[in-house]
Amino acid sequence: MGDVVSANLRAAPRKRPSQHASARGLLLGVWALVALLLASGATASTSVRPAATTLPSVTGTAAQGERLTAVPGKWNSADTPTFTYRWFRCDATGNHCGAISGATASTYTVAAKDVGGTIGLRVTAAAAGGTGTAYGGLVGPIANATPLLVSTAQPVVGGTPQQGASLTVSTGAWSPTPASVTYTWERCNANARVCSPIPAANGNSYVPGASDVGHALSVLVQATFGATVQTAFSTATTAIAVGTPRGPVSTVAPSITGFFAVGEKLTGSPGTWTASGTPTYTFNWYRCDMSGSNCLSIHGATGPAYTLVGRDVGATIGFAVHASDQTGTVTAYSALAGPAAPAGAALAATAQPSVTGTARSGQTLTVSTGAWTAVPLSYAYAWLRCNANARACTTVTGATTSSYPLTSADAGHTLVAVVTAVSGPAAQAVFSLPSPIVA
Numbered sequence: 020m021g022d023v024v025s026a027n028l029r030a031a032p033r034k035r036p037s038q039h040a041s042a043r044g045l046l047l048g049v050w051a052l053v054a055l056l057l058a059s060g061a062t063a064s065t066s067v068r069p070a071a072t073t074l075p076s077v078t079g080t081a082a083q084g085e086r087l088t089a090v091p092g093k094w095n096s097a098d099t100p101t102f103t104y105r106w107f108r109c110d111a112t113g114n115h116c117g118a119i120s121g122a123t124a125s126t127y128t129v130a131a132k133d134v135g136g137t138i139g140l141r142v143t144a145a146a147a148g149g150t151g152t153a154y155g156g157l158v159g160p161i162a163n164a165t166p167l168l169v170s171t172a173q174p175v176v177g178g179t180p181q182q183g184a185s186l187t188v189s190t191g192a193w194s195p196t197p198a199s200v201t202y203t204w205e206r207c208n209a210n211a212r213v214c215s216p217i218p219a220a221n222g223n224s225y226v227p228g229a230s231d232v233g234h235a236l237s238v239l240v241q242a243t244f245g246a247t248v249q250t251a252f253s254t255a256t257t258a259i260a261v262g263t264p265r266g267p268v269s270t271v272a273p274s275i276t277g278f279f280a281v282g283e284k285l286t287g288s289p290g291t292w293t294a295s296g297t298p299t300y301t302f303n304w305y306r307c308d309m310s311g312s313n314c315l316s317i318h319g320a321t322g323p324a325y326t327l328v329g330r331d332v333g334a335t336i337g338f339a340v341h342a343s344d345q346t347g348t349v350t351a352y353s354a355l356a357g358p359a360a361p362a363g364a365a366l367a368a369t370a371q372p373s374v375t376g377t378a379r380s381g382q383t384l385t386v387s388t389g390a391w392t393a394v395p396l397s398y399a400y401a402w403l404r405c406n407a408n409a410r411a412c413t414t415v416t417g418a419t420t421s422s423y424p425l426t427s428a429d430a431g432h433t434l435v436a437v438v439t440a441v442s443g444p445a446a447q448a449v450f451s452l453p454s455p456i457v458a
């Protein structure tokens, strides 16, 4: 029985960071909603089996001798379901759960053998359409009968779980009142079973971004009273939905033109945007290494043009456009230009090569040679497989000609060619413009 329950309750173990392992609060997260609807009790009518629309929860103090109370949650049954309950004793991490003998009421009084472990709840709803089962939150770790600091109510995350919409977490309730409370927001999988901290998200509010879409969010609340520190996990949000776009939309990416040599001026084009009214633009230029990585903003380079300096030799240059309208601000980036040649170089690129062809697996892309200050005698080629915005790339082994046959490994990526021109003893490389994303 215990093995079956553990498998259902903890099908995917929560992987909390090690710094949280030593202190757990009232609730360790939201158990996964169990989609098993028991066939027994179903009828031939149009009634549907009940399913939880709001998961069950547990109230009460997580300490020996205290009484925990089951809240059955909300269910989508057409008629009013009847509920039965089963309480489980699990280890401190919420694994290895076993049913507690005789614990089938809507309340449970915490026993001495529960100290240090966690308590789980299963609610079964029965209605005309059949039966449905859902699991509530884990309670614990269970404290001794007279703890110095106890979480008496779970912190709650409020707000719309949508990209761009602010979320706020409460402190929960504690006994006694803590002297200070800190917060750590965590990004979890959709059912809040596997979570990791979000860097720098340490306030009581958080605005989900694009990285959070499709993930649930939870908060680790840490309370301090004297030398005692206790933690409690908040309720988890549902998966963060894609937000309504705010700010202008880039329809043609920014670009860079000019001679890629020290002393020459590069000019940035903002590209094309759709906006609410006429957008306004601000700019900045940034310097990256020869591979296009490790990019840093160039101090003072905030206009639409930039003159290459000695530090740019061998580096690639990027151009960022920040477009604003009455709904917000959005940033778009050019493809990287360069690497830049020294001043007076016998050979320097005056225009980036371009990639042509159908960006689909099984088709072939071809790169042009670009334009140069002198007529090269020969060219060498390398192809890079990059992420969708051509900001992170890896070399494609064996791709050393001006044509590249696309494979299934390229799907979802852009391709960039590095063209090296040779004229006598002079050789200079330049990045091409990226291909469209490969389908």
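Position one of the sequence shown corresponds to residue 20 (the numbering used here), numbered consecutively onward.
For each residue, glycine too, the CB sits at the ideal point set by N, CA and C.
Tell me which same chain residues have a C-beta within less than 8 Å of the C-beta of residue i, skipping the five on either side of it?
i, result
"Y398", "T388, S421, V438, T439, A440, V441"
"M20", "Bear in mind that the predicted position of M20 carries a pLDDT of just 44, short of 50, making it unreliable; the figure below should be weighed with that in mind. These residues qualify, in order along the chain: G117, A118."
"E85", "G79, T128, V129"
Assuming residue i contacts residue j under a Cβ cut-off of 8 Å, what Cβ separation, rounded to an integer in Å, is found between them?
i, j, result
"Y127", "L87", "5 Å"
"L236", "T256", "5 Å"
"A153", "P75", "6 Å"
"A164", "A82", "6 Å"
"T5", "T123", "Residue 5 cannot be examined here, being either before or after the span of the chain that is shown, 20 to 458."
"A320", "T286", "Going by Cβ atoms, the distance from A320 to T286 rounds to 13 Å, so no, they are not a contact pair."
"A258", "A209", "5 Å"
"P69", "G148", "7 Å"
Under 8 Å between the Cβ atoms of residue i and residue j?
i, j, result
"A393", "A365", "yes"
"A280", "A362", "yes"
"R379", "L425", "yes"
"V340", "G290", "yes"
"T203", "N221", "yes"
"A145", "Q182", "no"
"V142", "G92", "yes"
"V449", "Q382", "no"
"W391", "A367", "yes"
According to the neighbour-count rule (16 or more other Cβ atoms, all chains shown, within 10 Å of its Cβ), is residue i buried or exposed?
i, result
"S253", "buried"
"T293", "exposed"
"R206", "buried"
"T80", "buried"
"L327", "buried"
"N114", "exposed"
"G443", "exposed"
"V545", "With the chain running from 20 to 458 in the structure shown, residue 545 is simply not present."
"G322", "exposed"
"G44", "Only weak support is given to the placement of G44: the predicted model assigns it a pLDDT of 38, under 50, and the value that follows is read from those uncertain coordinates. G44 is buried by the Cβ-count criterion."
Between the C-alpha atoms of residue i and residue j, what's the straight-line distance to the nearest angstrom?
i, j, result
"I336", "T377", "27 Å"
"V435", "I275", "16 Å"
"G296", "D98", "52 Å"
"A430", "T416", "17 Å"
"D231", "P395", "48 Å"
"A211", "H234", "8 Å"
"A251", "A409", "41 Å"
"T299", "A184", "24 Å"
"A407", "T78", "46 Å"
"N313", "D344", "30 Å"
"P358", "V332", "7 Å"
"P227", "T187", "11 Å"
"V213", "T112", "12 Å"
Tell me whether residue i counts as near the ligand HEM, meaning its Cβ is closer than 7 Å to at least one heavy atom of that ligand.
i, result
"G148", "The ligand HEM is not part of the structure shown, which contains no ligands of any sort."
Please work out which residues of its chain come closer than 7 Å, Cβ to Cβ, to residue i, disregarding the five sequence neighbours upstream and downstream, and give them in chain order.
i, result
"R404", "C412, T413, V415, D429, H432, L434"
"A54", "Confidence is the limiting factor: at A54 the pLDDT is only 33, short of 50, which leaves the residue's position unreliable and the question unanswerable from this model."
"C307", "N313, C314, A334, T335, G337, L355"
"A131", "Q83"
Hey, does residue i have any beta-carbon neighbour from chain C nearer than 8 Å?
i, result
"G135", "Among the protein chains of the structure shown there is no chain C, as only one such chain exists."
With a CB to CB cut of under 6 Å and the five nearest residues on each side skipped, what residues in its chain are close to residue i?
i, result
"G189", "According to the sequence provided, residue 189 is Ser. The question's Gly does not apply to it. Only P174, V175 meet the Cβ criterion."
"Q241", "T201, T250"
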